[in-house]
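Trainee:
Number of protein chains: 2
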Amino acid sequence: MSPYYFDYNATTPLAPEVLREMEPYLTRHFGNPSSFYQLGRAANRALRQARKLTASLLGAADDNEIIFTSGGTESNNTAIRSALSISGKKQILTSAVEHSSVRNVAGQLRKEGYQITEIGVDAQGRLNLEQLREAVSDQTAVISLMMANNETGVIFPVEEAGKIAKEKGIFFHVDAVQAAGKIPLHLKDSAVDFLSVSAHKFYGPKGVGVLYVKKGTGFSPLISGGSQERGRRAGTENVPGIVGLGAASEWIQKELREEPARLKKLQVEFETAIRSRVSGVTVSGERADRLPNTSHLRWEGIEAETLLIALDQREIYASSGSACMSGSRRPSHVLKAMGCTDEAAASAVRFSFGKYTTEKEIQFLAEELSRLVTHLRSGNGKSHAHFSERFAKEGVL
Amino acid sequence: MSPYYFDYNATTPLAPEVLREMEPYLTRHFGNPSSFYQLGRAANRALRQARKLTASLLGAADDNEIIFTSGGTESNNTAIRSALSISGKKQILTSAVEHSSVRNVAGQLRKEGYQITEIGVDAQGRLNLEQLREAVSDQTAVISLMMANNETGVIFPVEEAGKIAKEKGIFFHVDAVQAAGKIPLHLKDSAVDFLSVSAHKFYGPKGVGVLYVKKGTGFSPLISGGSQERGRRAGTENVPGIVGLGAASEWIQKELREEPARLKKLQVEFETAIRSRVSGVTVSGERADRLPNTSHLRWEGIEAETLLIALDQREIYASSGSACMSGSRRPSHVLKAMGCTDEAAASAVRFSFGKYTTEKEIQFLAEELSRLVTHLRSGNGKSHAHFSERFAKEGVL
């Protein structure tokens with residue numbers, strides 16, 4: 001792991017405990033889980049065990065509510081399209097601050113003739129529940145909301161939103177990619193019909209995720225073919241990845257007992273330390289319910305890109321928001337929806353912490369950051385034009 | 398690896414050389430390739446390198462013709478739906494012997510109002526090119542054909558089929574999942590618009606594949622979201638998996654110089670050895686162009702399931718056909734299309750060989766198999782009912 005990694009919302013390292021569980025399936029247990037001989041059955045048993053562990057993390061009622069997918073984005077695409085296909089209705093209610101994997105599906109669906117209604121948030125990033133209630137119509141197929149925002153960490157009131165959906169007999173989809181493994185989930189007896197999760201956000205491998213589909217909920221597959229996942233997601237299973245997802249689920253479920261409180265303490269320490277050193281800092285969603293691991297800061301008179309380059313040079317890794325939005329030069333739609341000016345949005349840097357973040361690292365980060373911000377504000381920062389040039393040269397953009 | 402694995406068409410072990418390349422990306426190089434700091438850029442460089450190696454295996458003209466997917470099934474779904482979406486036309490031409498990942502997409506599309514025309518094969522499994530030519534209409538959106546059959550190993554004349562497609566301005570999709578890594582591919586200057594590949598069929602990891610899309614060909618994504626894969630396939634990239642695909646591509650491309658000839662020799666030896674010992678054996682597609690690694694045998698008076706159980710008890714692993722069709726009690730649609738009776742179809746066992754198969758193993762297999770077949774024919778075999786009961790008990794079915 002890198003010495004100063006503060007971008008756990010972008011991705012997490014694979015926990016060594018998780019990799020250890022995956023290893024036999026990367027070597028001797030290589031059978032196709034659909035094969036009926038011993039080697040195949042061993043792989044099949046591993047899938048069942050992983051399904052059980054994942055169902056437990058989600059607090060699902062039944063292991064078969066878990067469909068393994070290639071990740072959160074596929075899960076989001078599948079859930080929304082499935083809800084539309086089953087309901088036959090034309091309207092999607094979602095928020096103005098969703099991740100691109102919901103936002104761009106919605107954009108695509110708009111082109112296909114569907115009506116997309118975006119529910120707003122306040123300056124703290126909190127969902128306007130009243131607006132949601134009023135937007136529901138008899139043409140609403142699905143309400144699709146994130147559980148926790150990937151940029152700000154603000155947590156949405158999914159229980160209340162779910163009640164609105166259930167009162168009206170509307171499908172309810174929750175994008176829990178940033179929430180799973182950070183806050184406990186209890187899907188049994190909830191109003192959630194579909195829920196998306198990605199393993200690499202909680203110390204599991206990249207390339208594997210979950211679509212939870214509540215028992216009895218109608219379903220239409222996105223990917224057809226073989227009868228894997230009870231005909232709901234075709235394709236030879238990513239056995240090592242799924243085993244890793246299961247192991248990560250089991251591991252993080254134990255961590256959820258103590259780790260959120262530890263992270264919350266680091267978050268408070270970090271934000272307090274920054275404020276005691278520099279002025280003109282705003283913590284996004286400070287008065288909202290927030291993930292304990294995310295500190296999203298806006299700095300007066302600072303361009304985030306310049307600050308991030310300076311941090312990168314010191315091997316301190318943070319980001320301006322969503323990794324899935326990088327390459328885009330537009331201000332974050334999340335911050336715009338919260339009423340930020342373009343200038344304020346362009347100053348935002350997200351620090352997200354995790355299992356391997358120590359108090360010492362947090363103190364170091366606060367010191368370096370304060371020093372850099374003061375330095376940049378005194379007019380010694382390079383223009384952010386350097387940033388684009390540099391990555392264009394390396395062929396990233 | 399298992400001592401007697403003869404089911405390389407179902408899946409292959411991960412080559413140790415490939416796993417070695419993946420390991421840094423399962424541990425310290427865990428960055429999100431969309432992140433702009435050093436850790437992310439290292440992951441991004443690895444993707445570019447893997448893209449280059451994969452493009453080379455396919456003989457592609459441009460690295461950007463490679464889209465990384467979660468596997469062959471996703472690639473097949475994406476290619477066919479993309480061709481329909483771009484062309485706006487209503488007919489799909491495919492063969493009667495496709496893999497379920499094309500066959501069931503076609504079945505789903507039929508329900509959605511598309512016209513599916515299946516081109517037949519002869520008793521050797523060879524495509525009826527004349528029928529294909531005649532079936533083309535001005536409503537044909539796409540011709541979708543496999544390069545090599547997963548059950549019999551019979552190779553289709555994709556070059557000729559491609560000419561028909563190009564003469565008529567029709568999209569041409571090739572499912573090369575069973576061909577890639579077994580026979581050379583030269584996509585540059587070919588008529589192929591879309592081509593599907595799966596890494597785990599040639600010693601790469603499960604859960605990763607390729608959709609080749611020829612430069613200039615229209616494209617509509619199946620999975621929307623972030624801007625990964627130039628907006629053609631959203632979702633955080635499965636970095637270790639993609640690195641493994643690249644490493645497997647590089648490794649198998651070298652192997653393609655000598656390995657097909659070695660496998661061809663084993664295939665001939667095996668089939669000759671069987672025939673010298675038992676009568677009433679038919680080699681499917683014997684007079685057709687076939688993959689060098691596949692021997693698909695039909696046995697008079699034998700039920701494949703009974704034979705496979707007896708083999709499994711000796712830790713000899715083979716299959717009755719497609720792993721993706723297992724669980725189905727219906728006779729293989731491939732063999733039915735070749736004109737086999739239900740009884741003949743139910744007697745078929747596929748042996749597929751690979752890099753780690755030795756001549757000694759082949760000799761052992763031929764001996765064991767001959768002994769077992771003779772034994773079963775003498776009336777000492779158990780009913781295949783035991784098979785279903787046994788797996789139902791283990792919860793596989």
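Chains F and W, in that order, give the protein sequences.
Heads up: the first sequence at position 155 corresponds to 155 in the working numbering, and the numbers run straight through without jumps.
Heads up: the second sequence at position 81 corresponds to 478 in the working numbering, and the numbers run straight through without jumps.
In this text, a Cβ means the ideal position worked out from N, Cα and C, and glycines have one as well.
1) Just by C-beta distance, which residues in the segment 593 to 613 of chain W are closer than 8 Å to chain F?
2) Chain F beta carbons: is any one of them nearer than 8 Å to that of Phe403/W?
3) How about Tyr4/F and Phe353/F: do their beta carbons lie closer than 8 Å?
4) Examine chain W for any beta-carbon lying closer than 8 Å to the beta-carbon of Ile223/F, and answer yes or no.
5) For Arg20/F and Gly623/W, what's the separation of their Cα atoms in angstroms?
6) Measure the alpha-carbon distance for Ala179/F versus Ser75/F and round it to whole angstroms.
7) What does the alpha-carbon distance come out to for the pair Gly456/W and Gly216/F?
8) Are there three or more Cβ pairs, one per stretch, closer than 8 Å when the segment 45 to 54 of chain F is compared with the segment 231 to 248 of chain F?
9) Are the C-beta of Val105/F and some C-beta of chain W separated by less than 8 Å?
10) Going along the chain, which residues of its own chain have a beta-carbon closer than 7 Å to the beta-carbon of Thr409/W, five neighbours each way excluded?
11) So, at 7 Å on beta carbons, what are the nonlocal neighbours of Gln650/W in its own chain, with the 5 sequence-adjacent residues on each side left out?
12) Closest by CA to Phe270/F, which one among Val210/F, Ala366/F, Ala191/F?
13) Can you tell me whether DSSP reads Ser431/W as helix, strand or coil?
14) Drop a sphere of 10 angstroms on the beta-carbon of Glu756/W, count the other beta-carbons inside from all chains shown, and report buried for 16 or more, exposed for fewer.
15) Starting from His730/W, trace the alpha helix (DSSP H) in both directions and tell me its first and last residue.
16) Mark Arg350/F as exposed unless 16 or more other C-beta atoms lie within 10 angstroms of its C-beta, in which case mark it buried.
17) Which word fits Glu255/F, buried or exposed, when buried means at least 16 other C-beta atoms lie within 10 angstroms of its C-beta?
18) Kindly give me the distance between the Cβ atoms of Ser498/W and Gly469/W, rounded to whole angstroms, as I take these residues to be in contact under 8 Å.
19) Can you name the residues that DSSP bridges to Asp404/W?
20) Tell me whether Val268/F is buried or exposed, calling it buried when 16 or more other Cβ atoms sit within 10 Å of its Cβ.
21) Does the distance from the C-beta atom of Leu708/W to that of Pro689/W stay below 8 Å?
22) Is Asn547/W close to chain F, meaning its C-beta is less than 8 Å from at least one C-beta of that chain?
23) Take Val494/W as the anchor and find which of Leu526/W, Asn546/W, Ala439/W has the nearest alpha-carbon.
24) Tell me which residue opens and which closes the beta strand (DSSP E) that His570/W is part of.
25) So that I know if they touch, is there some Cβ in chain W lying closer than 8 Å to that of Leu84/F?
26) Given that Glu712/W touches chain F, what residues does it touch there, using C-beta distances under 9 Å?
27) Tell me the residue span of the alpha helix (DSSP H) that contains Val589/W.
28) So is Lys508/W buried or exposed if we call it buried at 16+ other beta carbons inside 10 Å?
29) By how many angstroms is the C-alpha of His426/W removed from the C-alpha of Ser378/F?
30) Could you give the uninterrupted runs of the beta strand (DSSP E) lying entirely in the segment 524 to 552 of chain W, keeping only those of 3 residues or more?
31) Under 8 Å Cβ-Cβ, which residues of chain W neighbour Glu74/F?
32) Could you work out which residues of chain F lie near Pro410/W, taking near to mean beta carbons separated by less than 7 Å?
33) State whether the segment 704 to 718 of chain W contacts the segment 28 to 45 of chain F, with contact taken as three or more CB pairs (one from each stretch) at a distance under 8 Å.
34) Any idea which residues DSSP pairs Glu515/W with across the strands?
35) Could you tell me how far apart the beta carbons of Thr754/W and Val607/W are, in whole angstroms, since I believe they sit closer than 8 Å?
36) Is there at least one Cβ from chain W nearer than 8 Å to Val349/F's Cβ?
Mentor: On the basis of the coordinates in this document:
1) Ser595, His597, Pro602, Lys603, Gly604, Val605
2) no
3) no
4) yes
5) 31 Å
6) 15 Å
7) 47 Å
8) yes
9) yes
10) His597, Lys598, Phe599, Tyr600, Gly751
11) Ser453, Leu454
12) Ala366/F
13) coil
14) exposed
15) 730 to 734
16) buried
17) buried
18) 6 Å
19) Ser749/W
20) exposed
21) no
22) no
23) Asn546/W
24) 568 to 572
25) no
26) Tyr37, Gln38, Leu39
27) It is not in any alpha helix (DSSP H) - Val589/W carries neither H nor E in the DSSP assignment.
28) exposed
29) 36 Å
30) 537 to 543
31) Ser467, Ile620, Gly632
32) Phe30
33) yes
34) Thr491/W
35) Not confirmed; about 25 Å, so no contact.
36) no
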